[in-house]
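Read through the structure below, which is laid out as structure tokens, and then see the notes.
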Amino acid sequence: MSKLPLEVREVLVRIMDLAAYDSHVSENVDEIYHLADQILTKYDEVETIF
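Below, the structure written as structure tokens:
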């Protein structure tokens, strides 16, 4: 089982917070939000299985 370290999770959540705040500025920022969300979701699914 591969767990996402807490520090990495916190950074991804912070990136998502910043991207959500600035999403009206650029499409790239919106993409960053969705990529971070996909990483968190994938690890949540893996941790739930085990």
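In short: position in the sequence shown from 1, add 38, done, that's this note's numbering.
For each residue, glycine too, the CB sits at the ideal point set by N, CA and C.
**Item:** Closer than 7 Å to chain C by CB, S64
**Value:** Within the model displayed, chain C is absent; a lone protein chain is all it includes.
**Request:** Would you identify the three-state DSSP class for V49, choosing helix, strand or coil?
**Result:** The three-state reading of DSSP puts V49 in helix, counting H, G and I together.
**Prompt:** Do L78 and L50 come within 7 Å of each other at the CB atom, strictly closer than that value?
**Reply:** Yes, the pair counts as a contact, with Cβ atoms nearer than the cut-off.
**Prompt:** Who are the near neighbours of L42 in its chain, counting only those whose CB is closer than 6 Å to its CB and skipping five residues on each side?
**Reply:** Correct list, in chain order: Y81.
**Request:** Could you have a look at L42 and say whether DSSP puts it in helix, strand or coil?
**Result:** DSSP, reduced to helix, strand and coil, places L42 outside both helices and strands of the structure shown, so it counts as coil.
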